[in-house]
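Here the structure is laid out as structure tokens; the discussion comes afterwards.
Number of protein chains: 4
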Amino acid sequence: MQLTQEKSLNEECGVFGVYGADDAARMTYFGLHALQHRGQEGAGIVAQNPDSRLMLHRGLGLLSDVFSNEQYIEALQGRGAIGHVRYATAGNRGLENIQPFLFQFEYEQLALAHNGNLTNAKSLHRLLEAEGAIFHSNSDTEILAHLIRRSQKPTLKEQLVEALNQVKGGFAYVLMTNQALIAALDPNGFRPLVIGQLPNGGFVVASETCALDAVGAEFYRDVLPGEVVWIDETGIEIFSYTSKTQLSICSMEFVYFARPDSNIYGVNVHSARKMMGKLLAKEAYIDADMVIGVPNSSLSAASGYAEEANIPYELGLIKNQYVARTFIQPTQALREQGVRMKLSAVRKVVENKRVILVDDSIVRGTTSQRIVALLKEAGAKEVHLRIAAPPLKYPCFYGIDIQTQQELIAANYTIEEMTTKIGADSLAFLSEQGLIQAIDLPVQAPYQGLCMAYFNGDYPTPLYDYETEFLHKKNQLRQVVLGETK
Amino acid sequence: MQLTQEKSLNEECGVFGVYGADDAARMTYFGLHALQHRGQEGAGIVAQNPDSRLMLHRGLGLLSDVFSNEQYIEALQGRGAIGHVRYATAGNRGLENIQPFLFQFEYEQLALAHNGNLTNAKSLHRLLEAEGAIFHSNSDTEILAHLIRRSQKPTLKEQLVEALNQVKGGFAYVLMTNQALIAALDPNGFRPLVIGQLPNGGFVVASETCALDAVGAEFYRDVLPGEVVWIDETGIEIFSYTSKTQLSICSMEFVYFARPDSNIYGVNVHSARKMMGKLLAKEAYIDADMVIGVPNSSLSAASGYAEEANIPYELGLIKNQYVARTFIQPTQALREQGVRMKLSAVRKVVENKRVILVDDSIVRGTTSQRIVALLKEAGAKEVHLRIAAPPLKYPCFYGIDIQTQQELIAANYTIEEMTTKIGADSLAFLSEQGLIQAIDLPVQAPYQGLCMAYFNGDYPTPLYDYETEFLHKKNQLRQVVLGETK
Amino acid sequence: MQLTQEKSLNEECGVFGVYGADDAARMTYFGLHALQHRGQEGAGIVAQNPDSRLMLHRGLGLLSDVFSNEQYIEALQGRGAIGHVRYATAGNRGLENIQPFLFQFEYEQLALAHNGNLTNAKSLHRLLEAEGAIFHSNSDTEILAHLIRRSQKPTLKEQLVEALNQVKGGFAYVLMTNQALIAALDPNGFRPLVIGQLPNGGFVVASETCALDAVGAEFYRDVLPGEVVWIDETGIEIFSYTSKTQLSICSMEFVYFARPDSNIYGVNVHSARKMMGKLLAKEAYIDADMVIGVPNSSLSAASGYAEEANIPYELGLIKNQYVARTFIQPTQALREQGVRMKLSAVRKVVENKRVILVDDSIVRGTTSQRIVALLKEAGAKEVHLRIAAPPLKYPCFYGIDIQTQQELIAANYTIEEMTTKIGADSLAFLSEQGLIQAIDLPVQAPYQGLCMAYFNGDYPTPLYDYETEFLHKKNQLRQVVLGETK
Amino acid sequence: MQLTQEKSLNEECGVFGVYGADDAARMTYFGLHALQHRGQEGAGIVAQNPDSRLMLHRGLGLLSDVFSNEQYIEALQGRGAIGHVRYATAGNRGLENIQPFLFQFEYEQLALAHNGNLTNAKSLHRLLEAEGAIFHSNSDTEILAHLIRRSQKPTLKEQLVEALNQVKGGFAYVLMTNQALIAALDPNGFRPLVIGQLPNGGFVVASETCALDAVGAEFYRDVLPGEVVWIDETGIEIFSYTSKTQLSICSMEFVYFARPDSNIYGVNVHSARKMMGKLLAKEAYIDADMVIGVPNSSLSAASGYAEEANIPYELGLIKNQYVARTFIQPTQALREQGVRMKLSAVRKVVENKRVILVDDSIVRGTTSQRIVALLKEAGAKEVHLRIAAPPLKYPCFYGIDIQTQQELIAANYTIEEMTTKIGADSLAFLSEQGLIQAIDLPVQAPYQGLCMAYFNGDYPTPLYDYETEFLHKKNQLRQVVLGETK
């Protein structure tokens with residue numbers, strides 16, 4: 001099966017949890033359905049059955065593949081549940097790595113799901129192994145369970161606090177015990193996590209507000225950096241497990257990952273994107289016959305650019321809405337003949353026209369190259385590529401799947417070189433300042449609370465296990481960059 | 001499984017055929033994939049194997065469900081193939097009705113797929129039965145095969161011409177014999193059908209040009225009303241089986257059914273829709289804070305309205321892109337709580353705003369009602385509904401699944417009544433003249449070659465089996481309409 | 001999937017029908033389950049729904065593959081049903097050929113399933129085609145429906161009688177209309193067909209009595225040659241459509257096809273087989289250490305041989321009971337290494353022993369060769385092959401899949417040659433007289449009512465379409481046989 | 001899905017491993033296929049890929065359900081593999097419990113599969129949990145991995161020896177590391193485990209010799225109590241991890257579990273069963289018209305009884321060979337009507353006859369009751385039940401799923417009471433001495449090396465975690481038994 005990714009830029013997962021509502025697992029299904037864009041390679045749900053036992057169903061593929069039959073949901077009875085949709089990095093596609101994980105402790109069970117990436121996973125893994133821990137998966141998610149298990153603290157709450165202070169990096173956890181739903185966010189709040197309230201008083205946690213809307217929950221509040229949310233029969237309790245916090249939410253959530261109808265710290269994603277397009281039009285205006293966005297993630301930015309530049313906004317690229325899964329692949333011969341499944345250029349629209357093509361980011365550059373070629377084959381006279389974010393130049397260690405700079409075209413080439421490689425007639429990026437201004441988080445913090453590290457290498461935390469490796473690479477890169485910026 | 005339809009307005013099918021190309025069945029898969037929007041309830045492919053035998057694979061569901069394994073495509077070897085995606089009316093969902101049909105004649109085979117609806121199917125069925133014909137399906141597609149079989153003419157070509165002169169209504173047929181690929185269009189050209197040519201010289205026929213693009217074929221020409229296209233090893237032959245032709249292509253293809261990147265008689269669908277929006281803005285301007293389209297089919301019209309009215313175009317409604325198939329349904333309790341899977345309103349965008357909502361049509365009115373409510377719940381101050389086509393008031397007998405006027409809200413209520421029922425602050429439709437002008441077919445014919453019957457009851461052909469039934473209903477309706485317009 | 005056949009000798013199908021019982025389709029499932037040995041490549045059930053509509057579900061594979069979900073049975077409501085399990089000849093494995101067939105007549109429906117083979121199928125097919133009939137399958141089962149449809153008689157009963165007088169060969173039909181269950185047997189009764197009665201008064205028809213036992217029905221009576229059984233709300237009616245009848249039931253039903261617990265014309269199959277073994281011991285005694293049967297079909301004969309010869313009966317060959325379906329095949333290398341899935345020889349039992357191996361028939365000889373080799377590899381000192389039936393020398397045209405004598409080892413070689421080829425230490429067959437005596441049907445007719453044609457070429461009917469072809473081959477064979485027996 | 005068990009007496013699993021052969025996973029498939037009778041509820045294979053990584057595929061159901069596609073086997077490349085077929089006790093049917101388990105240690109991986117039951121699992125579980133171990137399954141198989149992991153010994157070999165000395169009860173383990181295949185047997189050798197050698201020199205381990213035959217391996221030798229078998233690129237090494245050994249192999253392996261073609265310590269299972277039947281005929285002769293065995297496990301004993309008693313051996317009960325899996329169940333109404341899927345009595349054979357029915361064991365008595373009733377309904381005049389083993393009176397703690405005496409009819413009733421309850425005309429069991437003599441292991445040990453505890457309560461080891469619980473129950477039972485035998 002081919003699982004289509006918009007680009008080689010992948011979020012690692014979406015999480016959802018609910019407590020205090022009938023048919024919690026079914027509600028979790030619909031919550032995860034609204035988060036499916038955050039991961040399409042696996043999904044799972046753990047429910048707290050009426051007798052408080054935790055029950056798990058998980059599998060590979062889309063949510064609808066995993067829950068391909070009512071019976072799977074019906075088996076998950078009860079008033080509490082957590083769920084997960086997973087994006088899997090290559091080599092880790094086994095069923096073993098699909099979350100939530102369910103652990104059998106002596107007197108109770110613990111289920112755990114995770115969005116993010118730990119920067120000290122290797123060290124902790126090594127340490128825990130040395131103490132005799134056994135791991136079933138390749139995922140760093142198991143680590144938290146082992147840390148909790150090994151804590152000498154008397155209560156689960158204290159054990160969890162101790163464990164959360166040991167893991168570093170970006171993480172949004174949801175946990176379920178036989179008595180409670182728990183969520184926790186890293187001290188920088190790299191990944192989004194929100195709380196909602198149901199009409200009946202029950203609570204929901206989710207990676208994005210769009211999942212609250214999908215299940216009819218009211219937005220309650222964002223989970224803040226360093227907070228634990230503890231929901232059980234007595235209600236909701238929110239407390240901090242650390243005071244050393246500083247918001248640095250992933251700016252790529254606004255640029256690319258999150259759904260346009262989600263709000264993050266009060267900022268609507270569509271509106272932020274539209275503003276990115278507007279500011280881009282101001283920073284990098286060019287005269288043309290039309291503005292086209294790459295569907296679906298760049299349509300907001302494209303319409304903003306068009307509006308600001310007062311150039312017609314057109315549908316020049318069509319994305320096949322049934323592309324999400326197919327088991328049949330074109331042969332090499334068919335591919336060369338021009339068989340394509342995902343994007344089509346609208347010849348009648350772009351023929352003999354000067355086109356401004358708005359996209360949200362460039363990773364390797366190959367996708368941009370392909371789309372520019374598509375438009376030119378369809379007769380576009382000029383294609384001016386405008387990227388509604390700054391160039392991606394540095395890896396992310398907090399949960400986005402970019403870990404080698406070698407693959408980042410902007411880390412290795414100048415704008416001019418990139419323009420040539422991609423085949424565009426011109427190329428421009430939004431400035432860092434433009435991005436920060438477009439999002440405009442109402443926060444007092446560096447970069448107004450955004451993590452901008454992929455653009456400027458300014459990581460808001462130590463890198464732990466990645467430090468040496470990265471510094472070495474960064475030095476190599478610096479030379480390239482210095483060479484480039486001469 | 002829930003197969004999501006945009007609205008209760010359904011095209012009956014898409015067809016594709018190819019002759020003279022390696023791996024014809026696989027190419028047909030990709031052609032049908034581009035036509036999947038025309039039918040999601042079943043699909044099938046017949047290939048002409050290297051030994052000239054016809055082989056069939058078909059099944060229920062999306063193309064990716066039916067061809068869930070490479071082996072199904074690999075079993076369909078050869079250089080010729082036809083395929084079909086089906087929308088099934090209720091009660092006819094059995095495998096028996098999935099096309100293409102494959103008939104075993106004494107010395108040869110015939111495969112047949114069909115987009116459209118015959119108006120004299122019942123009469124012909126009765127006649128053929130009286131002569132001893134046996135039917136395996138409920139579909140009217142089998143009829144053509146029986147007519148061919150019973151013809152006394154000496155050659156298949158003559159038999160086909162005789163048969164095509166007996167069937168009435170709207171039809172685009174593709175047929176495959178052990179030697180040829182054949183396509184045929186009804187004398188009014190109600191349904192679209194185009195020819196493409198492959199780089200290697202082979203030919204393709206398809207319901208829409210987007211399928212030509214998907215397989216790397218060049219547009220060759222539209223099939224004209226009353227034409228037969230005959231493709232075999234000697235090349236392509238196009239001839240007319242009747243001289244009594246008059247183009248009346250379904251205007252709803254432009255409004256709703258066809259993909260925006262398809263061209264019909266040289267007119268691009270997206271561009272026509274954008275123009276519908278523009279003319280609608282001229283005809284029914286209203287001041288507001290933003291224009292929103294109902295995704296995905298109304299986005300072109302909405303952007304046209306916004307551009308013409310100079311009002312910001314916003315993404316105020318988000319469609320879940322993974323909604324195509326799910327086996328899990330919300331309970332009634334969850335539905336009441338607000339669980340929804342398909343459309344979300346973007347609260348931050350529409351809150352306290354005056355919204356112009358552009359949609360392409362209203363059938364029962366229930367969908368519009370739901371969307372208006374969604375926007376109001378999300379805080380929209382005003383919702384002005386603008387429909388980029390005239391009101392649907394009459395049934396279609398040529399291939400769209402509207403056969404009872406009772407269900408058409410516009411056939412039964414005034415604009416004012418509809419506005420109230422739907423809950424909008426105002427409601428306006430594009431005029432008939434506006435629609436014709438927006439599409440602007442370069443054709444000398446009534447309504448510039450469009451069928452406008454669903455809007456004005458002006459059917460371009462006799463209605464045969466539907467005549468009495470419809471006239472009776474029409475009279476009933478007239479009274480209602482007259483009553484209403486007092 | 002590998003569907004395991006005991007040998008290259010295949011019955012074409014089992015049929016079952018019930019009328020006047022709740023949950024008729026489910027009962028049909030269990031009836032077919034008891035007939036699964038008669039065909040494993042496809043299955044289907046048609047039920048007469050409470051509103052009298054016929055509904056069909058069918059598919060490829062074992063019954064449990066086709067009805068892999070309760071929902072398939074639950075969809076088939078009503079008090080009447082017919083079903084079919086199919087053995088498919090090569091090249092006819094498509095879904096199109098799986099029975100029952102369901103035909104949509106103008107005012108009613110007809111479902112049809114069939115066990116047997118028509119000898120004038122080609123002629124009728126040609127004739128019907130010439131009159132305009134269209135066939136959907138390669139099966140000769142459709143023919144009866146066309147004959148009924150074309151009959152000028154006023155009632156279905158008369159139409160059916162006319163049609164049954166036109167088809168020739170071996171056939172056991174079950175039909176279902178919107179009002180009745182009908183069964184019919186050919187004038188020679190080549191294939192078995194029985195009637196049972198349910199505790200509640202409803203009736204059942206089935207290929208074998210084991211299916212009556214499986215659903216709790218009492219044996220009512222055998223269907224006799226040339227009879228029609230008509231069951232509807234008024235009860236059961238049995239009448240003859242022809243007076244030219246003569247029982248010639250397939251002797252291979254007793255030897256190999258039927259289940260040991262079935263009775264045919266009052267004779268139990270296990271008992272007949274045991275008697276074949278006893279008579280074989282009398283006709284072809286040899287001294288040995290043990291008697292072994294080829295599981296499962298030859299165990300009765302083997303125990304009969306052992307009892308008569310007073311030699312220990314041992315389990316020297318084990319058949320893997322999970323062999324019915326597997327998707328994984330050994331590679332050639334593994335096969336050469338000795339990987340086997342189906343039969344094992346029990347080394348400790350046969351080592352250094354003189355073994356009498358009892359089998360029920362030899363078709364190509366390859367299976368016998370393999371089993372003898374298996375026993376010798378396991379250490380058997382001598383293997384004396386005893387076949388509990390006469391040599392198979394002639395094709396069958398009434399429903400067994402032997403149509404070419406070229407493949408029958410006994411048609412081409414002497415006993416001595418066969419012994420050498422198979423690698424046995426001796427080989428003997430039961431005599432024709434022995435077989436007739438072992439079965440001992442209480443019937444006044446040639447061969448006591450058995451068809452012995454595969455053994456002696458004495459076909460009880462003209463061969464129609466097969467006549468010329470076969471006579472030609474027979475002459476060729478005669479020469480070979482004469483040459484051999486010199 | 002209904003997975004048919006012969007009776008409520010279940011072995012917990014079969015294991016297979018191979019090292020030093022191409023396509024090891026495929027060979028493991030065929031080895032497990034021969035062991036499928038030992039567990040039908042789950043299966044899995046771990047292969048050691050060419051780069052030494054371990055890869056796992058496992059799932060619920062029959063082997064053919066789990067490996068339903070060639071791709072699953074093809075993904076498991078390499079020259080080493082282990083596999084497992086599982087019988088699951090109620091409540092433990094989740095995928096989490098399907099073996100082999102695969103553990104990710106820091107520098108290597110460990111895969112583990114297990115046949116048997118630990119008597120100190122609870123204590124060890126508690127101990128390990130107290131030390132911080134986390135369990136993913138309910139199975140006691142994980143325990144060995146934790147013990148190995150926590151050992152302070154420097155090498156895996158020493159760690160394993162230490163761990164094996166900590167687990168108590170019955171166990172046959174197969175393990176795979178990135179370098180070796182390892183097998184180990186408990187100090188009493190409760191479960192069978194054998195070594196075979198392939199033509200190319202590679203080695204195989206398996207629960208039964210029938211799996212060696214299935215893959216073309218020569219029997220090498222039995223694994224003896226307390227031995228570890230270590231196979232890697234340097235060859236095979238066998239050593240003892242304890243000197244405190246005493247053979248007590250499960251006598252029920254001979255009576256019921258093992259395949260008739262397997263040999264255990266040189267004794268063929270079919271031959272032992274036949275001898276059980278012969279000795280039973282000597283001990284409990286009765287005059288009758290025929291001897292019938294309950295298929296399939298009692299056919300050997302029945303033929304032995306018949307031979308010794310010189311009474312005809314008949315096929316009076318037929319087992320449907322397609323019963324292994326079905327998803328459709330009879331309704332209560334159908335069940336009452338007599339619908340049955342598994343066993344049929346052959347009326348013509350047993351009618352008016354005095355029948356000796358031979359079975360291998362009685363657990364609850366309900367199956368025997370059903371079969372006796374079946375024969376009587378089919379007309380048997382008398383049914384004399386003869387059991388080819390002593391009465392089952394005590395639970396097993398070493399791997400058979402009998403853990404409550406309450407369910408054992410023989411633990412609660414006298415022979416007379418049982419005869420009445422079952423409805424037989426007489427009932428007799430083989431004596432303990434008869435069973436020992438029939439198997440006749442060439443071993444100097446109590447009971448000639450057999451575990452007879454289920455018959456006489458003489459457990460060859462301390463019972464650890466089961467001690468208190470069982471003693472309490474045993475005392476209760478003693479009273480019942482004493483009361484009964486007065």
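Quick note, the sequences are listed as chains A, B, C and D, same order. For the first sequence, position 445 (counting from the first letter as 1) is numbered 445 according to full-length UniProt numbering, and the numbering increases by one without interruption. For the second sequence, position 456 (counting from the first letter as 1) is numbered 456 according to full-length UniProt numbering, and the numbering increases by one without interruption. For the third sequence, position 106 (counting from the first letter as 1) is numbered 106 according to full-length UniProt numbering, and the numbering increases by one without interruption. For the fourth sequence, position 250 (counting from the first letter as 1) is numbered 250 according to full-length UniProt numbering, and the numbering increases by one without interruption. All residues carry an ideal CB built from backbone N, CA and C; glycine is no exception.
- Note down the Cα distance separating K168 (chain B) from H146 (chain C), rounded to an integer number of angstroms. Computed Cα separation, rounded: 27 Å.
- Under the rule that 16 or more other beta-carbon atoms within 10 Å means buried, what is D465 (chain D), buried or exposed? Flag for D465 (chain D) reads buried.
- Message: Would H33 (chain A) pass as an interface residue toward chain D - the criterion being a Cβ-Cβ separation below 7 Å?
- Response: Taking Cβ atoms only, chain D never reaches closer than 7 Å to H33 (chain A), which makes this a no.
- Residue nearest to F16 (chain A) in terms of C-alpha spacing, selected from A:D22, A:T28, A:A24: Of A:D22, A:T28, A:A24, the residue nearest in Cα terms is A:T28.
- Which residue or residues does DSSP assign as beta-bridge partners of C250 (chain D)? Bridge partners of C250 (chain D) according to DSSP: D:C451.
- Message: According to DSSP, is D287 (chain D) part of a helix, a strand, or is it coil?
- Response: If DSSP states are grouped into helix, strand and coil, D287 (chain D) belongs with coil.
- Neighbourhood of L181 (chain A) by C-beta distance below 6 Å, restricted to the same chain and skipping five residues each side: Excluding sequence positions up to five before and after L181 (chain A), its CB lies within less than 6 Å of the CB of G17, Y19, G80, I231, all in the same chain and listed in chain order.
- Task: For S271 (chain C), name the three-state secondary structure that DSSP assigns.
- Result: Helix, per DSSP.
- Task: Just grab the DSSP bridge partners of E382 (chain B) for me.
- Result: The partner list for E382 (chain B) (beta bridge, DSSP) reads B:R354.
- Nearest-angstrom Cα distance between E253 (chain D) and Y265 (chain D)? If you take the alpha carbons of E253 (chain D) and Y265 (chain D), they lie about 12 Å apart.
- Identify the contact partners of Q337 (chain D) in chain C, using a Cβ-Cβ distance below 9 Å as the criterion. Those are A21, M27, L198, P199, N200, V215, G216, A217, listed as they occur along chain C.
- Which runs of the alpha helix (DSSP H) spanning at least 4 residues fall entirely within the segment 68-148 of chain C, listed in chain order? Listed in chain order, the complete alpha helix (DSSP H) runs (minimum 4 residues) inside the segment 68-148 of chain C are 70-74, 121-130.
- Task: Flag G59 (chain C) as yes if its beta-carbon sits less than 7 Å from any beta-carbon of chain B, otherwise no.
- Result: When Cβ-Cβ separations below 7 Å define contact, G59 (chain C) makes no contact with chain B.
- Message: Quick check: is the beta carbon of K342 (chain C) nearer than 7 Å to any beta carbon in chain D?
- Response: K342 (chain C) does not count as touching chain D.
- When DSSP labels each residue in this structure, what does E237 (chain A) get in the three-state scheme? It is a strand residue.
- Query: In its own chain, which residues sit with a C-beta less than 6 Å from the C-beta of V339 (chain B), not counting the 5 before and 5 after it?
  - Reply: Excluding positions up to five away in sequence, the list reads P330.
- Name, please, each residue of chain B whose Cβ falls closer than 8 Å to the Cβ of residue 514 (chain A). The displayed coordinates of chain A run from 1 to 486. Any statement about residue 514 (chain A) would go beyond what the structure contains.
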